[in-house]
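Take a look at the structure below.
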Amino acid sequence: MNALPQEATRVTPEEYLELERTSEVKYEYFDGEVFAMVGASLNHNRINRNMIQKIGIQLEGSPCEALSSDMRVKIEALEKYTYPDIAMVCGDVNLEKKKGLDTLLNPIVIIEILSKSTEAYDRGTKFQHYQLIPSLQEYILVSQHDCRIEKYVREAEGKWIYSLYGEMGQSMTIASIGCELLLSDIYYRVEFE
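Residue 42 in UniProt numbering is what sits at position 42 of the sequence shown, and the numbering runs on without skipping anything.
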């Protein structure tokens, strides 16, 4: 999804959560600003569906689960709330429960499907912010415009190792949850421009 800044005055995290509780629109929050989430393209939706389905099948019977873009994630170090396209968690699910809302605190994997309007943000500032989540082990960026997936894996020393996948015949392993995905499955029915 794409975020568009709102022309509102600065708000507190509590005011943001109250807005989230009463609004039909999803918002992200950072540093007193709220950003409305706008609709996604057909390619974006197909990639999201394909990944959730394939990951879900592989996670049956495991302590891990994949959560869709409706699961809000909090970066506690920044008091930032965001909606990744897919968040995965294993074992105990740690939630912040405020204003009757659930917010995930301990994702292990975050996947963002890139759009032209958010790609630079997803690669830069947003990734820097996600790195502040202690539980996060893998960050995956999926292009919706061509066959290209970039994966970052956190090493024990806090270093991030980069891998690139760019051919339909390749498979990508998400080691922290024990899944392997074929790029041809991720991009099933996706039409590149």
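In this text, a Cβ means the ideal position worked out from N, Cα and C, and glycines have one as well.
Collapsed DSSP secondary structure at residue i in the structure displayed
i	result
R72	strand
D122	helix
F30	strand
F192	coil
L104	strand
Y130	helix
S171	strand
S163	strand
G39	coil
Whether residue i touches residue j by CB criterion (7 Å)
i	j	result
P107	V93	no
L114	L141	yes
G166	C147	yes
K74	T103	yes
V11	G39	no
Residue range of the unbroken alpha helix (DSSP H) whose run includes residue i
i	result
M51	L42 to L59
R21	P13 to T22
Whole-Å CB distance - residue i paired with residue j, under 8 Å assumed
i	j	result
E18	K99	6 Å
Where the beta strand (DSSP E) containing residue i begins and where it ends
i	result
D185	No beta strand (DSSP E) holds D185; the alpha helix (DSSP H) holding it covers L183 to I186.
V153	I149 to R154
S143	E138 to S143
A87	I86 to C90
T82	K80 to T82
I177	From DSSP, I177 is part of no beta strand (DSSP E); its letter is neither H nor E.
V109	V109 to L114
residue 203	For the chain, the structure presents residues 1 to 193; residue 203 sits outside this window and is missing.
E157	From DSSP, E157 is part of no beta strand (DSSP E); its letter is neither H nor E.
K98	L95 to K98
**Asked** Are the region 166-179 and the region 135-155 touching, with three or more C-beta to C-beta distances below 8 Å?
**Response** Between the region 166-179 and the region 135-155 there are three or more inter-stretch CB-CB distances shorter than 8 Å, so the stretches are counted as touching.
**Asked** Would you call the region 37-52 and the region 180-193 touching, i.e. three or more CB-CB distances under 8 Å?
**Response** Contact holds: three or more Cβ-Cβ distances are below 8 Å.
**Request:** Decide if the region 98-113 is in contact with the region 74-89; the criterion is three or more beta carbon pairs, one per stretch, under 8 Å apart.
**Result:** Yes, the region 98-113 is in contact with the region 74-89.
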